[in-house]
Amino acid sequence: MSIDLIIYLLGGLTIGSALMVIISKHPVRSVLYLILTFFLISANYIMLNAQFVAIVNIIVYAGAIMVLFLFVLMLLNLSKENEPKTSLLVKVSALISGSLLLLVLLAVFKDASFLSIENEVSNPNHGLVQNLGKLLFTKYVLPFEVSSILFIAAMVGAVLLAKRDKNIIE
Amino acid sequence: MEAIIILFSTGIVSLFIAMTRKPILVLLTALIGVTVTAIVMSINWYTPMQWVKYDGIETDYFTIIYGATATLFSFLFILIGYSKFSKEVYHTGDYIAILIFSLCGALCLFSFTDLFMFFIGLEILSIPMYVMAGSNKKNLLSSEAAMKYFFTGSFATGVLLFGIACVYGALGTFQLKEMSEAIAAMKNSSALLQVGMILILAGFLFKVGAVPFHFWGPDVYSGSPNVVTGFMATVVKLAAFCGFLRLFQLGFNGLDGFFVEILIAVSVLTMFVGNLSALRQTKLKRLIAYSSITHVGYALICLLVKNEHTPAYLWTYFFAYGFSIVALITVSMIVNDENDDIDRYKAFARTNPFAGFVMILALLSLAGVPPLVGFFGKYLVFSSAIEQYPVLIIIALINSGIAIYYYLKVILTAISKDDNAEKSTVSPLHAIVLSISMFGLILGGFVTFWVN
Numbered sequence: 104m105s106i107d108l109i110i111y112l113l114g115g116l117t118i119g120s121a122l123m124v125i126i127s128k129h130p131v132r133s134v135l136y137l138i139l140t141f142f143l144i145s146a147n148y149i150m151l152n153a154q155f156v157a158i159v160n161i162i163v164y165a166g167a168i169m170v171l172f173l174f175v176l177m178l179l180n181l182s183k184e185n186e187p188k189t190s191l192l193v194k195v196s197a198l199i200s201g202s203l204l205l206l207v208l209l210a211v212f213k214d215a216s217f218l219s220i221e222n223e224v225s226n227p228n229h230g231l232v233q234n235l236g237k238l239l240f241t242k243y244v245l246p247f248e249v250s251s252i253l254f255i256a257a258m259v260g261a262v263l264l265a266k267r268d269k270n271i272i273e
Numbered sequence: 005m006e007a008i009i010i011l012f013s014t015g016i017v018s019l020f021i022a023m024t025r026k027p028i029l030v031l032l033t034a035l036i037g038v039t040v041t042a043i044v045m046s047i048n049w050y051t052p053m054q055w056v057k058y059d060g061i062e063t064d065y066f067t068i069i070y071g072a073t074a075t076l077f078s079f080l081f082i083l084i085g086y087s088k089f090s091k092e093v094y095h096t097g098d099y100i101a102i103l104i105f106s107l108c109g110a111l112c113l114f115s116f117t118d119l120f121m122f123f124i125g126l127e128i129l130s131i132p133m134y135v136m137a138g139s140n141k142k143n144l145l146s147s148e149a150a151m152k153y154f155f156t157g158s159f160a161t162g163v164l165l166f167g168i169a170c171v172y173g174a175l176g177t178f179q180l181k182e183m184s185e186a187i188a189a190m191k192n193s194s195a196l197l198q199v200g201m202i203l204i205l206a207g208f209l210f211k212v213g214a215v216p217f218h219f220w221g222p223d224v225y226s227g228s229p230n231v232v233t234g235f236m237a238t239v240v241k242l243a244a245f246c247g248f249l250r251l252f253q254l255g256f257n258g259l260d261g262f263f264v265e266i267l268i269a270v271s272v273l274t275m276f277v278g279n280l281s282a283l284r285q286t287k288l289k290r291l292i293a294y295s296s297i298t299h300v301g302y303a304l305i306c307l308l309v310k311n312e313h314t315p316a317y318l319w320t321y322f323f324a325y326g327f328s329i330v331a332l333i334t335v336s337m338i339v340n341d342e343n344d345d346i347d348r349y350k351a352f353a354r355t356n357p358f359a360g361f362v363m364i365l366a367l368l369s370l371a372g373v374p375p376l377v378g379f380f381g382k383y384l385v386f387s388s389a390i391e392q393y394p395v396l397i398i399i400a401l402i403n404s405g406i407a408i409y410y411y412l413k414v415i416l417t418a419i420s421k422d423d424n425a426e427k428s429t430v431s432p433l434h435a436i437v438l439s440i441s442m443f444g445l446i447l448g449g450f451v452t453f454w455v456n
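What follows is the structure, given as structure tokens:
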């Protein structure tokens, strides 16, 4: 059993479950397929020697964010009656533009040559926490630190928007 | 770099000072911090301080000019908004800090040299804006604006990221310098690179609100609190334009081939759609939104011209545009009308002569009337492109003509007679901002000459 076969199998499964997220009618079912997709993407990361990213992907996306999704779904009232209706024109134009995008992307990726990825993937220690941490605190220390501004702004913003105000309740 | 650190600490400090429940202290901290940032930036220009060894940020001439402009406008908007911010004592610090964080993102966009800093800067710029759009929690329109901006904005970010991934796949580097070398060394252009560039371009056109991606603009602009609308129209647009101009010029060696055709089409469409929709608006902020779409159309002409002066012309354009927006937003804060109808400004120039005068100046500057700064912005942009794209400039001139109609309509409303009109009170802060923007509008043309 060659490694190529595993890669194709994983890729096919990932695409299949990602498609099921959009196709399935019931929202809870599509969320569950989304969790499956995240696990499969993690498996793809492991095939690329990115072990740390794979674990983080499972913890953050499959763990935290998906639980949030399920809670939101439970709070929403999802009945069939109040679904927004889309007109035929919108559907047809979405279909045409979506297929055109797919066509272009397929044509591009069919004979694209990806640079500089092959030689890095072959090193088995490439994606370990040690190497990643070294890179983050030497070469990429500035984006790493600057992203803290992003997080604190998002945090302050979330508290600002979500906190109850006394005068609004009155 | 130092400027970003100082700004960030200013934001944090004003968050903590807000705990004293004294809004005036927060205002003073923020103003001092922003001023110190501007001073440090100008010192940095003469003696570069290089104590952080990382090549993700590089300060050049345009970083300073753009940075100083963005800092000035943020300063003015914090001043304008203070009357609103200080009403909610518990949140004054949050509002001001979030605006300052957004300015940090703008400074990253003025100086990045690799795609990491570019992307993080763009996100730091946008995420505080999603929050600020919804900061008026009592108003449903404000929440709607925040939701719309957040959903469409995050979708555009996704498209942009996908484009960056494609570009990385084609070039194998994130550094702008190495990217441009890799493109120059390429024998025949790769399709992957072009798809990536188109997706990045789509993300850019969304962020600035150019026509196929402009639908969020009017709703978000009219729903958000006035100060936030002004901040979005000036600082955010300036930063997004500068960031993408840097990316396209330094990273992609300028746009050519069919990108030029795309940009010309987008520019023409943007001008017409913005202008023709603005003709029928009855609310001031929606009018500002559509007119800002039109101005994006004019500014897109800058991206078409491959010229070492392009950043200066773009800067002039947004410098001129910003003062008008500052003045108009101040006037709308003075009138303080929930519905924001233009009819509410009836006889405004008669009851409040000074504020009305500045408002008329601002509208004339937006229309591009000669002695005012708006004329210089338009003149530089149009004259730089007239040899290469004469038809485009003629279309732009026609559009400037159409625009005069709706600006004049507002001016006529403001000077018309109405016996029942009451005098609005102008707070001292608003009077200061109005005088600064009046000086900017009248004397700004000389500043632009000095810079150019």
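These protein sequence lines map, in sequence, to chains F and X.
Throughout the first sequence, residue numbering follows my numbering, covering 104 to 273 in sequence.
Throughout the second sequence, residue numbering follows my numbering, covering 5 to 456 in sequence.
Every residue gets a Cβ at the ideal spot worked out from N, C-alpha and C, and that includes glycine.
Treat the numbers as computed from the prediction; the structure is a model and nothing was measured.
Confirm, please, whether the CB-CB distance from X/LYS382 to X/TYR302 is below 8 Å.
By one-based count along the second sequence, residue 302 of chain X stands at place 298. By one-based count along the second sequence, residue 382 of chain X stands at place 378. Yes, the Cβ-Cβ distance between X/TYR302 and X/LYS382 is below 8 Å.
Quick one: any contact between the segment 177-187 of chain X and the segment 270-282 of chain X, if contact means 3 or more CB pairs under 8 Å?
Short answer: they don't touch.
Determine which residues of the segment 77-103 of chain X have a Cβ less than 7 Å from any Cβ of chain F, and write them out in chain order.
Cβ contacts with chain F: HIS95, ASP98, ALA101 and ILE102.
Expressed to the nearest angstrom, what Euclidean distance is found between the alpha-carbon atoms of X/SER130 and X/PHE210?
As a position in the second sequence, residue 130 of chain X is number 126, starting the count at 1. As a position in the second sequence, residue 210 of chain X is number 206, starting the count at 1. Their Cα atoms are separated by approximately 12 Å.
Between the alpha carbons of X/PHE219 and X/GLY213, how many angstroms are there, rounded?
Mapped onto the second sequence, residue 219 of chain X falls at position 215. Mapped onto the second sequence, residue 213 of chain X falls at position 209. Their Cα atoms are separated by approximately 8 Å.
Spatial neighbours of X/TYR99 within its chain, please: CB distance less than 6 Å, with the 5 preceding and 5 following residues excluded, ordered by chain position.
On the second sequence, position 95 is the one that residue 99 of chain X refers to. Cβ within range, chain order: PHE89.
Which residue comes first and which comes last in the alpha helix (DSSP H) that contains X/MET136?
What you label residue 136 of chain X is simply residue 132 of the second sequence in a count that begins at 1. Start and end: 119-137.
Quick check on F/SER145: buried or exposed, where buried means 16 or more other Cβ atoms within 10 Å of its Cβ?
Stepping through the first sequence from its first residue, residue 145 of chain F is reached at position 42. Counting Cβ neighbours within 10 Å, F/SER145 comes out buried, since at least 16 surround it.
Which chain X residues sit within Cβ distance under 7 Å of F/LEU253?
Position 150 of the first sequence, counted from the first residue, corresponds to residue 253 of chain F. Under the 7 Å cutoff, chain X gives ILE124, GLU127, ILE128 and ILE131.
Going by DSSP, what residue range makes up the alpha helix (DSSP H) through F/VAL163?
Counting from one through the first sequence, the residue named residue 163 of chain F turns up at place 60. First-last for F/VAL163: undefined, no H or E at that position.
With 16 as the cutoff for other CB atoms within 10 Å, does X/PRO374 come out buried or exposed?
Translated into positions along the second sequence, residue 374 of chain X becomes position 370. By the 10 Å Cβ count, X/PRO374 comes out exposed.
Would you mind sorting X/ASP423 into buried or exposed? The rule is 16 or more other CB atoms within 10 Å of its CB.
Taking the first residue of the second sequence as 1, we reach residue 423 of chain X at position 419. So X/ASP423 counts as exposed.
Taking 8 Å as the cut-off, decide whether the C-beta atoms of X/MET363 and X/LEU332 are in contact.
Numbered from its first residue, the second sequence carries residue 363 of chain X at position 359. Numbered from its first residue, the second sequence carries residue 332 of chain X at position 328. The answer is yes: Cβ separation under 8 Å.
Around the C-beta of X/LEU416, are 16 or more other C-beta atoms found within 10 angstroms, so that it is buried, or is it exposed?
Here the question's residue 416 of chain X lines up with position 412 in the second sequence. Its Cβ having fewer than 16 others within 10 Å, X/LEU416 is exposed.
Are the Cβ atoms of X/LEU384 and X/TYR317 separated by less than 8 Å?
Indexing the second sequence from 1 puts residue 384 of chain X at position 380. Indexing the second sequence from 1 puts residue 317 of chain X at position 313. Yes. Within cutoff.
Give a yes or no on contact between the segment 250-266 of chain X and the segment 305-323 of chain X, applying the rule of three or more CB pairs nearer than 8 Å.
Segments in contact, yes.
When you compare only the Cα positions, how much space is there between X/SER281 and F/SER196?
Here the question's residue 281 of chain X lines up with position 277 in the second sequence. Here the question's residue 196 of chain F lines up with position 93 in the first sequence. Roughly 24 Å between the two C-alpha positions.
What residues in the segment 173-195 of chain X bring their beta carbon closer than 9 Å to a beta carbon of chain F?
Listed in sequence order: GLY173, ALA174, LEU175, GLY176, THR177, ALA186, SER194 and ALA195.
Is the distance from the Cβ of X/LYS289 to the Cβ of X/TYR225 below 8 Å?
Position 285 of the second sequence holds residue 289 of chain X. Position 221 of the second sequence holds residue 225 of chain X. Yes, the Cβ-Cβ distance between X/LYS289 and X/TYR225 is below 8 Å.
Quick check: is the beta carbon of X/GLY138 nearer than 8 Å to any beta carbon in chain F?
The residue labelled residue 138 of chain X in the question sits at position 134 within the second sequence. True, the Cβ-Cβ gap to chain F drops below 8 Å.
Helix, strand or coil, according to DSSP, for X/ILE459 in the structure here?
Residue 459 of chain X is absent from the model: chain X starts at 5 and stops at 456.
DSSP three-state call for X/GLN285: helix, strand or coil?
Here residue 285 of chain X corresponds to residue number 281 of the second sequence, with the count starting at 1. In this structure, X/GLN285 counts as coil in the three-state DSSP scheme.
Determine the DSSP secondary structure at X/ASP345, reduced to helix, strand or coil.
Reading the second sequence from its first residue, position 341 is the one you call residue 345 of chain X. In this structure, X/ASP345 counts as strand in the three-state DSSP scheme.
Using a Cβ-Cβ cut-off of 8 Å, state whether X/SER18 counts as contacting chain F.
Counting from one through the second sequence, the residue named residue 18 of chain X turns up at place 14. Judged by the 8 Å Cβ criterion, X/SER18 is not in contact with chain F.
Using a Cβ-Cβ distance cut-off of 8 Å, determine whether F/SER196 contacts chain X.
Your numbering for residue 196 of chain F matches position 93 in the first sequence. It does not; no Cβ of chain X falls within 8 Å.
Hey, how far is the Cα of X/ASN279 from the Cα of X/MET133?
Mapped onto the second sequence, residue 279 of chain X falls at position 275. Mapped onto the second sequence, residue 133 of chain X falls at position 129. About 25 Å.
Thinking just about the alpha-carbon of each residue, which of F/ALA210, F/VAL159, F/LYS188 and F/ALA265 is nearest to the one in X/LYS141?
Stepping through the second sequence from its first residue, residue 141 of chain X is reached at position 137. Ranking the options by Cα distance to X/LYS141, first place goes to F/ALA265.
Hey, would you say X/ILE128 sits closer than 8 Å to F/ALA256, going by beta carbons?
Taking the second sequence and counting its residues from 1, the one referred to as residue 128 of chain X is at position 124. Taking the first sequence and counting its residues from 1, the one referred to as residue 256 of chain F is at position 153. Contact flag set, yes.
Are there 16 or more other CB atoms within 10 angstroms of the CB of X/TRP454, so buried, or fewer, so exposed?
Reading the second sequence from its first residue, position 450 is the one you call residue 454 of chain X. With fewer than 16 Cβ atoms within 10 Å of its Cβ, X/TRP454 is classed as exposed.
Could you check where the alpha helix (DSSP H) with X/PHE208 kicks off and where it finishes?
Counting from one through the second sequence, the residue named residue 208 of chain X turns up at place 204. Looking at the DSSP string, the run of the alpha helix (DSSP H) that includes X/PHE208 is 195-212.
Given that X/GLY60 touches chain F, what residues does it touch there, using C-beta distances under 7 Å?
By 1-based counting over the second sequence, the position of residue 60 of chain X is 56. Going along chain F in sequence order, the residues near X/GLY60 (Cβ under 7 Å) are LEU245 and PRO246.
Would you verify that the beta carbon of F/ILE272 is, or is not, closer than 8 Å to some beta carbon of chain X?
Looking up residue 272 of chain F in the first sequence gives position 169. Note that F/ILE272 scores a pLDDT of 49, beneath 50, so its modelled location is shaky; the value from the coordinates is reported in the next line. So, not an interface residue.
Any idea what DSSP makes of X/PHE178, helix, strand or coil?
Start at 1 with the first residue of the second sequence, and residue 178 of chain X comes out as number 174. Three-state DSSP puts X/PHE178 in coil, outside helix and strand.
From X/MET121, X/LEU367 and X/VAL232, pick the residue whose C-alpha is nearest to that of X/PHE248; which is it?
As a first step, residue 248 of chain X is located in the second sequence; it is residue number 244 there, counting from the start. Out of X/MET121, X/LEU367 and X/VAL232, X/MET121 has the C-alpha closest to the C-alpha of X/PHE248.
With the cut-off set at 8 Å, would you say X/ALA72 and X/VAL239 are in Cβ contact?
Residue 72 of chain X sits at position 68 when you count from the first residue of the second sequence. Residue 239 of chain X sits at position 235 when you count from the first residue of the second sequence. Their beta carbons are not under 8 Å apart, which means X/ALA72 does not touch X/VAL239 by this criterion.
Just to confirm the assignment, what range does the alpha helix (DSSP H) spanning X/MET236 have?
By one-based count along the second sequence, residue 236 of chain X stands at place 232. Premise fails: X/MET236 is in no alpha helix (DSSP H) and is neither H nor E.
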